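In our numbering, the protein residues as written are 117 to 227.
We put the beta carbon where it would ideally sit given N, CA and C, even for glycine.
What you are looking at is a predicted structure, and each value in this text was computed from that prediction instead of being measured.
The structure under discussion appears below in the form of structure tokens.
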């Protein structure tokens with residue numbers, strides 16, 4: 117089972133993670149919601165679409181925009197709809213991930 121850990125706490129845990137382009141994505145349902153708050157930050161990936169971010173808050177410490185997700189990914193990235201990824205010091209341990217067939221999103225849009 118894969119776990120995402122920050123500031124000594126498990127913030128997500130699942131045996132249904134996905135790996136895309138080397139990034140482990142956790143199902144939204146696996147998040148420990150008490151540690152997350154929405155952010156106004158967005159970014160755009162040409163292959164995946166617009167990402168939205170969440171800040172992790174544990175014991176009064178904020179990890180700004182440390183989680184991201186694609187609420188409406190482009191068709192070639194549809195497999196990550198409903199999944200969340202982490203960075204900025206969040207450790208992913210024991211990743212038993214299911215890679216998509218090529219382990220990447222095809223930027224040309226070919227299936």
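One alpha carbon belongs to residue 188, the other to residue 197, and they sit about 7 Å apart. 162 is the residue among 147, 162 and 182 whose C-alpha sits nearest the C-alpha of residue 192. Shown here for residue 144: same chain residues with a beta carbon closer than 8 Å to its own, the five before and five after excluded, namely 185, 198, 199 and 200 in chain order. The straight-line gap separating the alpha-carbon atoms of residue 123 and residue 140 is approximately 19 Å. Of 160, 167, 153 and 194, the smallest CA-CA separation from residue 178 is found for 153. Counting other Cβ atoms within 10 Å of its Cβ, residue 117 stays below 16 and is therefore classed as exposed. DSSP links residue 122 through a beta bridge to 125. The C-alpha of residue 120 is placed about 7 Å away from the C-alpha of residue 209.
Secondary structure at residue 151: helix, using DSSP grouped into helix, strand and coil.
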